[in-house]
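Participant:
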Amino acid sequence: MPAITVYCASSNYLDPEFHDAARIVGTYLAKKSCTLIYGGGSTGLMGELARAAREHHGDIVGIITHYLNERELGFDGCRELIAVDTMRERKRLLEAKGDAFLILPGGLGTYEEMFEIIVGRLLGEHDKPIGIINAHGYYNPLIALIEHGIEHRFIKREVHDLFTIDPDPELVLAALLNELSTKDGAQRK
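According to the working numbering, the residues represented by the sequence shown are 32 to 220, in order.
1. Are there 16 or more other CB atoms within 10 angstroms of the CB of F106, so buried, or fewer, so exposed?
2. When the distance is taken between beta carbons, is G162 closer than 7 Å to L26?
3. Just to check my reading of the structure: H87 and K62 have Cβ atoms closer than 8 Å, yes? What is that Cβ distance to the nearest angstrom?
4. At the level of alpha carbons, what is the spacing between A131 and L202?
5. Where do the ends of the alpha helix (DSSP H) carrying V56 lie?
6. Whose CA, out of N165, A205 and T213, lies closest to the CA of I196?
7. Ordered along the chain, which non-local residues of its own chain (more than five positions away) have a Cβ less than 7 Å from that of A52?
8. Quick one: what does DSSP say F106 is sitting in, helix, strand or coil?
9. At which residue ranges does the region 146 to 218 contain complete alpha helix (DSSP H) runs of 4 or more residues, listed in the order of the chain?
10. Based on the DSSP secondary-structure assignment, which residues constitute the bridge partners of T227?
11. I'd like the list of long-range same chain contacts for G194, defined as Cβ closer than 7 Å, with 5 residues on each side in sequence excluded.
12. Quick check on L45: does DSSP put it in helix, strand or coil?
Written out as structure tokens, the structure is:
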């Protein structure tokens, strides 16, 4: 079964409405027998995501730095919790272990990871599907910023083909799994 790397917030101070999308994602991945690859934390959306996956007997791999593990308390329900020394190593493993990427609302770290994987796909460094869940319009300013960049020719219009973005977590997840199965079928021919 595929492994889906999920990037999201670890803050405990978020509006509760954002937690719903994280719970939906964790549940969906577990029910579809997908391995959840994520930042390993037990707080914020990370914790909601992991707890929902665990409640539905999902397979969970967390990747966290020693520094963050001490502060965020790594999730003890992971099949495997990998603690590394640096954020660079963490990001490298999150990217390497996932067959597709999913982005929930998050802060600067989530933005950094999101742009890195989008640019990686744009440059042909990987061809893994990317999905962005625009829960409660969180990414509306990002969509406007990308459109602004396209309008002024800093960003190619084809960037729209690199990812799926929608407020509905199940729609985005279904698109990722469909793209993975289509890609897998093409590789078998």
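Beta carbons are placed, not taken as given, at the ideal position from N, Cα and C, and that holds for glycine. All values derive from a computational prediction rather than experimental measurement.
Facilitator: The structure says:
1. To locate residue 106, count along the sequence shown from 1; it is residue 75. Per the 10 Å Cβ criterion, buried.
2. Since the first and last residues shown for the chain are 32 and 220, residue 26 lies out of range.
3. Taking the first residue of the sequence shown as position 1, residue 87 is located at position 56. Taking the first residue of the sequence shown as position 1, residue 62 is located at position 31. Yes, H87 and K62 are in contact; Cβ-Cβ is about 6 Å, under 8 Å.
4. Reading the sequence shown from its first residue, position 100 is the one you call residue 131. Reading the sequence shown from its first residue, position 171 is the one you call residue 202. Near 15 Å, if we compare the C-alpha coordinates of L202 and A131.
5. The residue given as residue 56 occupies position 25 in the sequence shown. Run containing V56: E48 to K62, per the alpha helix (DSSP H) assignment.
6. Sequence index remark: in the sequence shown, residue 196 carries index 165 (1-based). For the options N165, A205 and T213, the alpha carbon positioned closest to that of I196 is the one of N165.
7. In the sequence shown, the residue the question calls residue 52 occupies position 21. Cβ within range, chain order: L135, I164, A166 and P200.
8. Here residue 106 refers to the residue found at position 75 of the sequence shown. Three-state DSSP puts F106 in coil, outside helix and strand.
9. 171 to 182
10. Only positions 32 to 220 of the chain appear in this structure, which leaves residue 227 out of reach.
11. Indexing the sequence shown from 1 puts residue 194 at position 163. Correcting the residue type first, residue 194 is Phe in the shown sequence and not Gly. These residues qualify, in order along the chain: I149, I161, G162 and I163.
12. Taking the sequence shown and counting its residues from 1, the one referred to as residue 45 is at position 14. Here L45 sits in coil by DSSP.
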